[in-house]
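Heads up: the structure comes next, in structure tokens.
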Amino acid sequence: DILANATSVGMTPNVDQSPIDKSLLKKKIVFDAVYSPPMTKLLRDAQRASAKIVQGREMYLNQAVLQSELYTSKKPGVSLMRRLLS
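Note that my numbering has the sequence shown beginning at 2, numbered continuously upward.
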């Protein structure tokens, strides 16, 4: 099962909110599009439930890489882009 949060729930300044009850997070892949903070309550709860998690910044980075390739026809420096996001 995959759970994806594409809402702003959990985004700064409401970092103590989660769109999903933690009892629903067992044995899932949980993706949260929220990138600030990088580790949302949803992702913390999912990690505690042993789910695989994907942070919003990872999505943001991959989207930026693909957009850069589309506009420039060149592969950007992904490691540099990742460091700049940190």
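Here a beta-carbon is modelled for each residue, glycine too, at the ideal position from N, C-alpha and C.
The continuous beta strand (DSSP E) containing V31 extends over residues I30 to D33. In the structure shown, K23 adopts helical secondary structure according to DSSP, grouped into three states.
Within a 10 Å sphere around the beta-carbon of L86 sit fewer than 16 other beta-carbons, which makes this residue exposed. Proximity to S80 across I21, E59, T73 and L71 peaks at E59, based on C-alpha coordinates. Cβ contact annotation for Y61 (same chain, cutoff 8 Å, sequence separation greater than five): Y36 and L86, in chain order. When secondary structure is reduced to three states using DSSP, N15 falls in the coil class, being assigned neither helix nor strand.
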